[in-house]
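In this note's numbering, the protein residues as written are 1 to 458.
Notes follow once the structure below has been shown.
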Ligand SMILES: Cc1cc2nc3c(=O)[nH]c(=O)nc-3n(C[C@H](O)[C@H](O)[C@H](O)COP(=O)(O)OP(=O)(O)OC[C@H]3O[C@@H](n4cnc5c(N)ncnc54)[C@H](O)[C@@H]3O)c2cc1C
């Protein structure tokens, strides 16, 4: 063990410099001043999974490619960071989404086009139409997303429409994930309105444009990719952002906390926001809060690989007129889906180029991460080229790996959250934030950062 290099006193130590930690650090610094705050980040730079590279006119996002512009807390933070003018919203083309079925890309459509679409069999469509007749679930036992969808809209729609959406958002397995924790609004639609169609009709009364297809809000990035957000946030924090500071242990000490880093630094802090991944937080708290450490260790993560390929436009026959496509887990293709990034955000590719981002892995295919980069690229080319009419080689290829990329809110997640809430109550000033708890989207991370700072001791 390294001997302590120095002991510094803080109002707030934030562990982890991903979007959550940066946002929590920024709010804390606004409240108490930057000198009283440190965002302790294990790596060389800010952002965690949220980073972007820029190469040959392409913008390559490592993980997330944007956030939905429906969350005021995110927009307010960007405004306060002076980044509002850098926002770039998805092109209207991106409203079209596709699903692969029987070797063909089918547009996902709401009613009335849905009833004529061959995406589902006639029986499958008929079963979806019966949704208003399905009684609401009366008991409050946990239910997987798949079981909920199968119960309400039938097995075919659950596997063809809902399963791919779950891999798209969570890299998850709909049979394992908890509806209540992954899609709380969907659970509420049944609880409050008795069903999904009824909830949509009620929503249309207040918002006639409400659509059953795709998320509400517009996908939004920044001029230089979503990775520009953590870069700006870290710059705003100045000396309060401390890279190369991997935290080893958090221990209570005289009404405060002692936060020890692997590099020998020791920080005394009145408050600690734990904003690193759950598996990284568990060993830090093993002595102080063993119950919380067990709960953190019980949150599984799914690995993801992202293959970015840039082509000259004339090498791709498909019009790429949409957001991209998702693939049901029916054994047809191994990839989870492909985003047509240059159609969503035209500024992320050169004028004569297109950028495709293929996602692989997730909870249903963890073994894909053991392939080499060359094997991943070959796998993607083998599946994508015939589907999109791609000929020749890409101008640019990059593979990004996230071995433990997305936390999985499996059934039982509620009891893990309860254990962490007990730990927060027993240790005033110690708060958990980040994508492992109440939502994996960037907006959820911003909300969780604000929740954390609101709970800190003055
Ligand atoms: C492939 C992929 C695509 C995605 N797409 C989207 C999308 O399009 N839209 C969207 O909204 N969300 C998306 N997400 C989800 C979103 O990116 C994440 O939920 C979010 O970035 C998590 O931020 P975070 O700060 O909570 O965690 P992280 O980004 O994981 O940051 C945690 C930080 O903690 C640091 N850390 C770890 N251990 C220690 C330690 N011991 N001491 C100090 N620091 C430590 C890490 O180095 C890291 O920087 C995607 C995720 C992936 C993987």
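Beta carbons are placed, not taken as given, at the ideal position from N, Cα and C, and that holds for glycine.
Since this is a predicted model, take the numbers as computed values, not measurements.
Figure out for me which residue from the options has the closest Cα to the Cα of residue i.
{"i": "residue 338", "options": "368, 249, 97", "result": "97"}
{"i": "residue 19", "options": "454, 456, 449", "result": "449"}
{"i": "residue 36", "options": "134, 272, 144", "result": "272"}
{"i": "residue 74", "options": "62, 24, 342, 118", "result": "24"}
{"i": "residue 465", "options": "194, 80, 393", "result": "What is shown of the chain runs 1 to 458, which leaves residue 465 out entirely."}
{"i": "residue 429", "options": "94, 53, 253", "result": "253"}
{"i": "residue 231", "options": "456, 82, 421", "result": "82"}
{"i": "residue 277", "options": "286, 12, 8, 17", "result": "17"}
{"i": "residue 286", "options": "173, 251, 356, 165", "result": "251"}
{"i": "residue 444", "options": "331, 184, 173", "result": "184"}
{"i": "residue 499", "options": "439, 226, 375, 398", "result": "Residue 499 is absent from the model: the chain starts at 1 and stops at 458."}
{"i": "residue 258", "options": "234, 288, 205, 30", "result": "288"}
{"i": "residue 87", "options": "223, 126, 275", "result": "223"}
{"i": "residue 56", "options": "398, 426, 452", "result": "398"}
{"i": "residue 457", "options": "436, 424, 435", "result": "424"}
{"i": "residue 234", "options": "64, 386, 47, 413", "result": "47"}
{"i": "residue 182", "options": "238, 406, 422, 111", "result": "406"}
{"i": "residue 168", "options": "305, 296, 346, 299", "result": "305"}
Since residue i is in the beta strand (DSSP E), which residue starts that stretch and which ends it?
{"i": "residue 226", "result": "No beta strand (DSSP E) holds residue 226; DSSP gives it neither H nor E."}
{"i": "residue 385", "result": "Note, residue 385: premise wrong, no beta strand (DSSP E); alpha helix (DSSP H) at 373–388."}
{"i": "residue 267", "result": "265–274"}
{"i": "residue 250", "result": "247–253"}
{"i": "residue 259", "result": "256–261"}
{"i": "residue 37", "result": "37–40"}
{"i": "residue 339", "result": "337–339"}
The alpha helix (DSSP H) that contains residue i, what's its start and end?
{"i": "residue 31", "result": "19–32"}
{"i": "residue 189", "result": "184–193"}
{"i": "residue 99", "result": "From DSSP, residue 99 is part of no alpha helix (DSSP H) but of the beta strand (DSSP E) over 97–101."}
{"i": "residue 240", "result": "No alpha helix (DSSP H) contains residue 240, which DSSP labels as neither H nor E."}
{"i": "residue 424", "result": "413–426"}
{"i": "residue 290", "result": "290–297"}
{"i": "residue 92", "result": "Looking at the DSSP string, residue 92 is not in any alpha helix (DSSP H), and its letter there is neither H nor E."}
{"i": "residue 107", "result": "It is not in any alpha helix (DSSP H) - residue 107 instead sits in the beta strand (DSSP E) that spans 104–107."}
{"i": "residue 76", "result": "72–80"}
{"i": "residue 168", "result": "163–170"}
{"i": "residue 114", "result": "113–116"}
{"i": "residue 196", "result": "196–206"}
{"i": "residue 148", "result": "145–153"}
{"i": "residue 431", "result": "Run containing residue 431: none in the alpha helix (DSSP H); it sits in the beta strand (DSSP E), 430–432."}
{"i": "residue 457", "result": "Residue 457 -> no alpha helix (DSSP H), and no H or E assigned at all."}
Residue i and residue j look like a contact to me (Cβ under 8 Å); what is the Cβ gap, rounded to whole Å?
{"i": "residue 10", "j": "residue 268", "result": "7 Å"}
{"i": "residue 128", "j": "residue 154", "result": "6 Å"}
{"i": "residue 66", "j": "residue 201", "result": "In fact, because the Cβ distance is near 30 Å, the residues do not count as touching under 8 Å."}
{"i": "residue 340", "j": "residue 361", "result": "No, residue 340 and residue 361 are not in contact; Cβ-Cβ is about 20 Å, not under 8 Å."}
{"i": "residue 164", "j": "residue 326", "result": "4 Å"}
{"i": "residue 190", "j": "residue 136", "result": "5 Å"}
{"i": "residue 225", "j": "residue 348", "result": "7 Å"}
{"i": "residue 176", "j": "residue 363", "result": "6 Å"}
{"i": "residue 241", "j": "residue 39", "result": "5 Å"}
{"i": "residue 106", "j": "residue 118", "result": "7 Å"}
Provide the residue(s) that pair with residue i in DSSP beta bridges, ordered along the chain.
{"i": "residue 312", "result": "353"}
{"i": "residue 58", "result": "55"}
{"i": "residue 407", "result": "301"}
{"i": "residue 322", "result": "In the DSSP output, where bridge partners are listed per residue, residue 322 has none listed."}
{"i": "residue 400", "result": "306"}
{"i": "residue 129", "result": "BP columns for residue 129 are empty, so no partner."}
{"i": "residue 141", "result": "Bridge partners of residue 141: none, in fact."}
{"i": "residue 67", "result": "220"}
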